[in-house]
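In the numbering used here, the protein residues as written are 563 to 1020.
Note sheet for the following structure.
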Ligand code: 5AD
Ligand code: SF4
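Listed below in structure tokens is the structure:
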């Protein structure tokens, strides 16, 4: 929608980088700013306020933020010439880690706000507007943030629910413990109340979020206890969670994968490397065999579980033999999907100053080999579903008329010809073909068979 020159509602544009936690946080920022009269803008140059919700994980994250600020400054100045303003807010993990420097280096920025202070956005914005108070709000106070954020209106039949933030694991490559702070779990009662509210508003699938989600320990309930309680909420048909740490896969949680039909047979369980030497240098606190043992137990509990992971190639000191161990592990496990990265230095983390940084071309070559293997595995996994009938939760209209897109239990996007009224329903779809990143299917019946029939693996 075009800018309305100050006569209509104010327009807000949020650019989200990085993980699902940031996607979730962006939604919450939108909610917290709505009462101030901010409606979504289509483009940043139309906006009265632009929020960059940044991610610190990727390479050159900070430099990319500065170049984006540079682009926005041009619009800010143009709008100022037209008698309008554009507030620039930097949020997310780069804000947390580099807040002071951003304020010093980028005067066009009105406000820097770390992930724990989003609930204070209205107040901070008002203060920044008056140019009286601080522009910087990057303290850790996770509980306060969760308490103060308003209830949100979901915009579909699937929703993220943040239950845990921060991390105490201190993997030597990772900035999360520094940017998101210590591990914190929301009280179980709060999580259940939010889940009930989501279900009442039509949400059928909830994905629990946290940097170390399976380390959740709200009140006395462990993570498995929370999942069990969530599964009892009427209307919630599917549960997922991400991201997990192998050390937190308790016996109870593994068993639950075999017992709870609402818990989807898909798990993102990063291992980072298949070499014990590298895993030790990464401070992962487990070896490759420990990871494989967890996967074996999961597969015994839920034979069809689809696995996803994160991998880093070219960690300092990684030899050809170490990399071969990673390839060996991937071959042994067989992933349905995965993310892989070249190691990149994060200033302030222990690995940043390790000797034996791996040369760029070696990292590139290893990444290509790993990704090619992972691509093949993903394609094989998808092909293996052709001919099967899978329960699909229809989520939204597809690109073509009369088509809906949903997800299989294994988190594969599936498109099929189906009427819009089936959005929000879990229905059997016969898979007929694979595309690059999705499956094509044919609706078998527009009435749901009993859940128990749907969830049994073929
Ligand atoms: N270099 C490369 N990849 C990284 N990740 C985290 N930090 C780094 C880094 N310094 C990857 C890990 C993690 C995922 C979210 O991002 O694989 O699991
Ligand atoms: Fe980072 Fe995950 Fe390691 Fe925590 S467990 S330090 S979030 S990679």
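Using N, Cα and C, we set each Cβ at its ideal position, and we do this for glycine too.
Predicted model, so just to flag it, every value in this text is computed and none were measured.
Legend entry - Three-state secondary structure (DSSP) of residue 652: strand
Legend entry - Status (buried if at least 16 other CB within 10 Å, exposed otherwise) for residue 730: exposed
Legend entry - For residue 825, the nearest candidate out of 769, 773 and 862 (CA to CA): 769
Inset, instruction - Tell whether a beta-carbon distance below 8 angstroms holds between residue 771 and residue 812. - result: no
Inset, instruction - Count the CB pairs spanning the stretch 823-841 and the stretch 780-787 that are closer than 8 angstroms, and state whether there are at least three. - result: Taking 8 angstroms as the limit for Cβ pairs, the verdict is that the stretch 780-787 does not touch the stretch 823-841.
Legend entry - C-alpha distance - residue 856 paired with residue 617, whole-angstrom precision: For residue 856 and residue 617, the distance between alpha carbons rounds to 30 angstroms.
Legend entry - N-terminal and C-terminal residue of the alpha helix (DSSP H) that residue 753 is part of: Run containing residue 753: 750-762, per the alpha helix (DSSP H) assignment.
Legend entry - Reduced DSSP secondary structure (H/G/I, E/B, other) of residue 578: Residue state for residue 578 is assigned as strand, using DSSP reduced to three classes.
Legend entry - Complete alpha helix (DSSP H) runs within the stretch 656-695 (minimum length 4 residues, chain order): 683-692
Inset, instruction - With DSSP as the reference, label residue 884 as helix, strand or coil. - result: helix
Legend entry - C-alpha gap between residue 629 and residue 992, whole angstroms: The straight-line gap from Cα to Cα measures roughly 47 angstroms.
Inset, instruction - Decide if the stretch 636-643 is in contact with the stretch 586-604; the criterion is three or more beta carbon pairs, one per stretch, under 8 angstroms apart. - result: Not touching, per the Cβ criterion.
Legend entry - residue 763 CB to nearest heavy atom of ligand 3 below 7 angstroms: This structure lacks ligand 3; the ligands present are ligand 1 and ligand 2.
Legend entry - Delimiting residues of the beta strand (DSSP E) encompassing residue 977: 975-979
Inset, instruction - Could you tell me which residues DSSP pairs with residue 769 in its beta bridges? - result: 722 and 802
Inset, instruction - Take residue 767 and list the residues in its own chain whose beta-carbon comes closer than 6 angstroms to its own, dropping the five residues that flank it on each side. - result: 720, 800 and 955
Inset, instruction - Note down the Cα distance separating residue 694 from residue 758, rounded to an integer number of angstroms. - result: With a pLDDT of 47 at residue 694, under the threshold of 50, the modelled position of that residue is not reliable, and the figure given next carries that caveat. Rounded to whole angstroms, residue 694 to residue 758 spans 41 angstroms at the Cα level.
Legend entry - Which listed residue (939, 946 and 999) has its alpha carbon closest to that of residue 968: 999
Inset, instruction - Count the C-beta pairs between the stretch 727-741 and the stretch 880-887 that are closer than 8 angstroms, then say yes if the count reaches three, no if not. - result: The stretch 727-741, when compared against the stretch 880-887, does not touch it at the 8 angstroms Cβ threshold.
Inset, instruction - Kindly give me the distance between the Cβ atoms of residue 888 and residue 837, rounded to whole angstroms, as I take these residues to be in contact under 8 angstroms. - result: 6 angstroms
Legend entry - Bounding residues of the beta strand (DSSP E) (the contiguous stretch that carries residue 956): Unbroken beta strand (DSSP E) run through residue 956: 951-959.
Legend entry - Heavy atoms of ligand 1 versus C-beta positions, residues under 6 angstroms: 619, 735, 736, 832, 834, 872, 874, 903, 905, 906 and 908
Inset, instruction - Whole angstroms is fine: what's the gap from residue 994's alpha carbon to residue 948's? - result: Just so you know, the alpha carbons of residue 994 and residue 948 end up roughly 5 angstroms apart.
Inset, instruction - Look at residue 675 and residue 683 and say whether their C-beta atoms are less than 8 angstroms apart. - result: Using a Cβ distance threshold of 8 angstroms, residue 675 and residue 683 count as a contacting pair.
Legend entry - Straight-line Cα distance separating residue 922 from residue 689: 45 angstroms
Inset, instruction - Please report the residue range of the alpha helix (DSSP H) in which residue 600 lies. - result: From DSSP, residue 600 is part of no alpha helix (DSSP H) but of the beta strand (DSSP E) over 600-602.
Inset, instruction - Give me whichever residues DSSP pairs with residue 1026 in a beta bridge. - result: Outside the displayed span of the chain (563 to 1020) sits residue 1026, for which this structure offers no information.
Inset, instruction - List the residues that DSSP assigns as beta-bridge partners of residue 622. - result: Beta-bridge pairing links residue 622 to no other residue.
Legend entry - Buried versus exposed call for residue 819 [16 or more other C-beta atoms within 10 Å across all chains shown]: buried
Inset, instruction - Over the uninterrupted alpha helix (DSSP H) stretch that includes residue 845, give me the two end residues. - result: Here residue 845 belongs to no alpha helix (DSSP H), and DSSP marks it neither H nor E.
Legend entry - Cβ pair residue 816, residue 854 closer than 8 angstroms: no
Legend entry - Neighbour-count burial assignment, residue 622, 16 or more Cβ in a 10 Å radius: exposed
Inset, instruction - Quick one: residues in its chain with C-beta nearer than 8 angstroms to the C-beta of residue 1007, no 5 flanking neighbours on either side, listed in chain order? - result: 989 and 990
Inset, instruction - Sort 1004, 986 and 1001 by Cα distance to residue 760 and report the nearest one. - result: 986
Legend entry - C-alpha distance - residue 1002 paired with residue 814, whole-angstrom precision: 35 angstroms
Legend entry - Boundaries of the beta strand (DSSP E) in which residue 732 is found, first to last residue: Careful: residue 732 lies outside any beta strand (DSSP E) and carries neither H nor E.
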